[in-house]
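Colleague: Chains as they are written, first to last, in the working numbering: chain A, 2 to 287; chain B, 2 to 287. The beta carbon of each residue, even a glycine, is placed where N, CA and C say it ideally should be. Structure provided below as structure tokens; questions to follow.
There are 2 protein chains.
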Amino acid sequence: MKPLSQCRIAIVGLGLMGGSLAGALRAHCRDVTGVARRPETVEDALRFGLIDHGTTNPEDALPHADVVILATPVRTIIRQIREFAPMLGEGCLLMDLGSTKQEIIAAMEELPRRIQPLGGHPMCGKEVAGIAEADPVLYRGCTFILVPLERTSAAALALGQTLVEAVGSSPLVLDGERQDRLVATLSHLPYLLACSLVQTADASTSNDPAAWEIVAGGYRDTSRVAGSDVTMMMDILITNRRAVLDATETFQRKLAALVDLLEAEDEAGLKAALAAGRAERRRMFP
Amino acid sequence: MKPLSQCRIAIVGLGLMGGSLAGALRAHCRDVTGVARRPETVEDALRFGLIDHGTTNPEDALPHADVVILATPVRTIIRQIREFAPMLGEGCLLMDLGSTKQEIIAAMEELPRRIQPLGGHPMCGKEVAGIAEADPVLYRGCTFILVPLERTSAAALALGQTLVEAVGSSPLVLDGERQDRLVATLSHLPYLLACSLVQTADASTSNDPAAWEIVAGGYRDTSRVAGSDVTMMMDILITNRRAVLDATETFQRKLAALVDLLEAEDEAGLKAALAAGRAERRRMFP
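Below you can see the structure in the form of structure tokens.
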């Protein structure tokens, strides 16, 4: 594997995540080529200084790349792994930024042996989408999960870790099943809660004009991720369905228990439950 | 009623909310006296420059006050309304900062006629408590709900509005039933969701050390209010029980509908529901 500074990197998908990563990587590699479906997106990425070269045709970019990063929705990544495999050169490191990993890893297993696959999932983002929102500092200070396959070489994993550190993230190596289970609770469940909360407000209070003036910080924070890109979230929920349903079922039991305590006016029980939650929150975010 | 600049103001309860309000009001009135149960709290408030005078004895402060503001948990406010009534002078404006209003208003109805009562609920706060966290800018830019009673004079309401504007908040006049129903959905329900989410993580992922490294922004935001002061939240939930249970029931139905769509892999239905939630979130926070 070449050192990162000599690598030619191709990033497929120039949305918020791909565009931001491109901008962050430019200073650390030989060059970054952006691949997008729409010519306007390529033009924007060039104009914003996020890429060195850009194209709408993967065949122009992928054969020369030392590192290819797929920054599209999860099910598009799975399709592109198969579609792009014939275009990738000997020893090419193929990474992705998908939020669920088991189905992507399964697709990567089928790649020709000359390709080095490495699953990736940066734990950052914003509830906005598109190249216009891209920001090279987005990856600074976040955890970036890496999921190597059995077949991934130590050198390929090391290059992936160097790349992650170059953009300011901290690499965390996990297996696919464990990562999918963790993010089901810590990321995908909060999304479903935010959506349900927004729908609750829509059904009950949002026909009252005063609601708009008093939307409290609690509501704003708890509903924030409901603004996430729907196509991206659909792929995440569908490809992590079982783990998301399990986490949601646990949540529903916990909420129902609080409701029972409040319904019964069991003050001692309710207070103990809320205090335990508060202590746990403080343990997580001291 | 005297103009605000000539008023002597007493604030009972020098926690985050009372201490911050005291600090914000000092520049706009004759003087601010803080009343707290513990002498250390009074000393801290004096040392931080949040009050002009301080005492642990309400009888030292309340008889001279033109405005008295109760900044304690809701059920303490209800008790103090009855306990302090004999100490309040002719024409005294009695306000509170409690998050639920119907039970407080009912207690205010019983006050002697010489007292002018006005319910208040500032839509600001932090998930920390205590005088050490007090900050005079806390009230800037927030909506401050005011709930006048039938018996409240126009002059008393006007003084309350002037006071609210002086600390940088925007007054919003509502009746108690409507305010309690709105905040049940927009503030108290998000709190129950945050607590349940933290308990879900505690039950499933938080025994995995990797969970701490990947707690995503979605989880951090959605769980934030779980760190709120438990005594304060207990009083809120108990005194707004029916409205909170109604809002929670609506939420449970909305979440169950999303679960059903995901369980059935009904992609068109799930996507439509998520897109509607996203549009509503964006309508609320453009």
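First and last residue of the alpha helix (DSSP H) that includes A:L183?
Modeller: That run of the alpha helix (DSSP H) goes 177–184.
Colleague: With distance defined between alpha-carbon atoms, name the residue in A:L15, A:A133, A:A155, A:C125 nearest to A:A144.
Modeller: Rather than Ala, the amino acid found at residue 144 of chain A in this sequence is Thr. Measuring from the Cα of A:T144, the nearest candidate turns out to be A:C125.
Colleague: Between A:V260, A:Q117, A:L263, which lies nearest to A:A157 when the distance is taken from Cα to Cα?
Modeller: A:Q117
Colleague: Look up A:R80 in the DSSP assignment and say whether it is helix, strand or coil.
Modeller: helix
Colleague: Could you tell me the boundaries of the beta strand (DSSP E) in which A:G35 lies?
Modeller: For A:G35, the enclosing beta strand (DSSP E) has its first and last residue at 32–36.
Colleague: Note down the Cα distance separating B:G131 from B:E44, rounded to an integer number of angstroms.
Modeller: 13 Å
Colleague: List the residues of chain A that B:A195 touches, going by C-beta distances under 7 Å, in chain order.
Modeller: What B:A195 touches in chain A: T223.
Colleague: According to the Cβ coordinates, are A:L263 and A:L275 closer than 8 Å?
Modeller: no
Colleague: Which runs of the alpha helix (DSSP H) spanning at least 4 residues fall entirely within the segment 75–143 of chain A, listed in chain order?
Modeller: Scanning the segment 75–143 of chain A from its first residue to its last, the whole alpha helix (DSSP H) runs of 4-plus residues come out as 75–85, 103–110.
Colleague: How long is the line joining the alpha carbons of A:P137 and A:V33, rounded to whole angstroms?
Modeller: 13 Å
Colleague: Taking C-beta to C-beta, are A:G186 and B:T201 nearer than 8 Å?
Modeller: In the sequence on display, residue 186 of chain A carries Thr and not Gly. In this structure, B:T201 lies closer than 8 Å to A:T186 by Cβ.
Colleague: Quick check on B:I215: does DSSP put it in helix, strand or coil?
Modeller: helix
Colleague: Along the segment 162–192 of chain B, what residues have a CB closer than 9 Å to any CB found in chain A?
Modeller: S171, L173, L175, R179, Q180, R182, L183, V184, A185, T186, L187, S188, H189, L190, P191, Y192
Colleague: Three or more beta-carbon pairs under 8 Å between the segment 60–78 of chain A and the segment 209–216 of chain A, yes or no?
Modeller: no
Colleague: Taking C-alpha atoms, which residue in A:T251, A:A248, A:A258 lies nearest to B:T249?
Modeller: A:A258
Colleague: Taking only beta-carbon positions, decide if A:T206 is within less than 8 Å of chain B.
Modeller: yes
Colleague: Taking 7 Å as the line, does the beta carbon of B:A108 fall inside it for any heavy atom of the ligand FMN?
Modeller: Only the bare structure without any ligand can be found here, which leaves the ligand FMN out of the picture.
Colleague: Hey, is B:F252's beta-carbon within less than 8 Å of any beta-carbon in chain A?
Modeller: yes
Colleague: Check the C-beta distance from B:A11 over to B:A86 and give it rounded, since I have them as a contact under 8 Å.
Modeller: 14 Å between Cβ atoms; not a contact.
Colleague: Which residue or residues does DSSP assign as beta-bridge partners of B:F145?
Modeller: B:P123, B:P172
Colleague: From B:P4, B:G161, B:R39, B:C8, pick the residue whose C-alpha is nearest to that of B:L98; which is it?
Modeller: B:G161
Colleague: According to DSSP, is B:T42 part of a helix, a strand, or is it coil?
Modeller: helix
Colleague: Within this structure, are the beta carbons of A:P123 and A:S170 separated by less than 8 Å?
Modeller: yes
Colleague: Return the Cβ separation of A:A46 and A:G20 in integer angstroms, given the expectation that the two are a contact with Cβ distance under 8 Å.
Modeller: 6 Å
Colleague: Which value, in whole angstroms, describes the spacing of the CA atoms of B:A37 and B:H54?
Modeller: 11 Å
Colleague: For A:V199, I'd like the list of residues in its chain whose CB is within less than 6 Å of its CB, leaving aside the five on either flank, ordered along the chain.
Modeller: Leaving aside the five residues that flank A:V199 on each side, the residues in its chain whose CB is nearer than 6 Å to its CB run, in chain order, S224, A227.
Colleague: In whole angstroms, give me the CA-to-CA distance for A:R284 and B:D203.
Modeller: Distance between the alpha carbons of A:R284 and B:D203: 10 Å.
Colleague: Among all the DSSP beta bridges, which residues are the ones paired with B:H54?
Modeller: Paired residues: B:T34.
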